[in-house]
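When the letters of the sequence shown are read in order and numbered with my numbering, they come out as residues 4 to 156.
Each remark here refers to the structure printed beneath this line.
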Amino acid sequence: MNTRKKRAGRLPAILAASAAALIAVAAYAAGEEVVVYKDPDCGCCGAWAEHMRAAGFRVKEIASEEMAVVKRAAGVPRTLGSCHTAHVGGYVVEGHVPAADVKRLLAEKPKVAGIAAPGMPMGSPGMEGPYPADHYNVVSFGADGKTQIFAKH
4 MNTRKKRAGR
14 LPAILAASAA
24 ALIAVAAYAA
34 GEEVVVYKDP
44 DCGCCGAWAE
54 HMRAAGFRVK
64 EIASEEMAVV
74 KRAAGVPRTL
84 GSCHTAHVGG
94 YVVEGHVPAA
104 DVKRLLAEKP
114 KVAGIAAPGM
124 PMGSPGMEGP
134 YPADHYNVVS
144 FGADGKTQIF
154 AKH
């Protein structure tokens, strides 16, 4: 058998293995537990938690009236703050970050402390409404305070 035929014969197996690996990564990321700290009176934080559940994450909500303390302990830079702070897979997720970005973070495992959607962008998960959606960035941040754009929305 020539080399070309051998490679062609292995292609379906390689494709199947690649697809299985991608499915496994997506399933692993979706099965992660998200622990979200939120103000007990904040409705948009609960809406974000529901967005994460709909994306397949297990979500534990913890009400806290000391959100500034939670953010400081998590290492969230003050300039990236939002209304809720979550922990998932060893990372911090600050604010209304889309579930797809969290799944990407867990799959790629960059050397960052976390990601944030600073402020409360209109149209982001948990901030949907009858108004036009904002264009916003999800930013990664390190323990050293350095930031970088992770995703644009």
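Think of the CB as a built atom: it goes at the ideal place given N, C-alpha and C, for glycine as much as any other residue.
- Residue environment analysis places residue 99 among the buried positions, since at least 16 neighbouring C-beta atoms fall within 10 angstroms of its C-beta.
- Here residue 64 carries a strand assignment [DSSP, helix/strand/coil].
- Taking the CA atoms as reference points, residue 38 sits about 11 Å from residue 66.
- Taking 8 Å as the upper bound for CB-CB distance, residue 132 and residue 50 are not in contact here, some 10 Å apart.
- The beta carbon of residue 63 sits closer than 8 Å to the beta carbons of 36, 37, 38 and 39 from its chain, once the five residues preceding and following it are set aside; these are given in chain order.
- Residues of the same chain with a CB within less than 8 Å of the CB of residue 70, apart from the 5 flanking positions on each side, are 40, 41, 42, 86, 87 and 88 in chain order.
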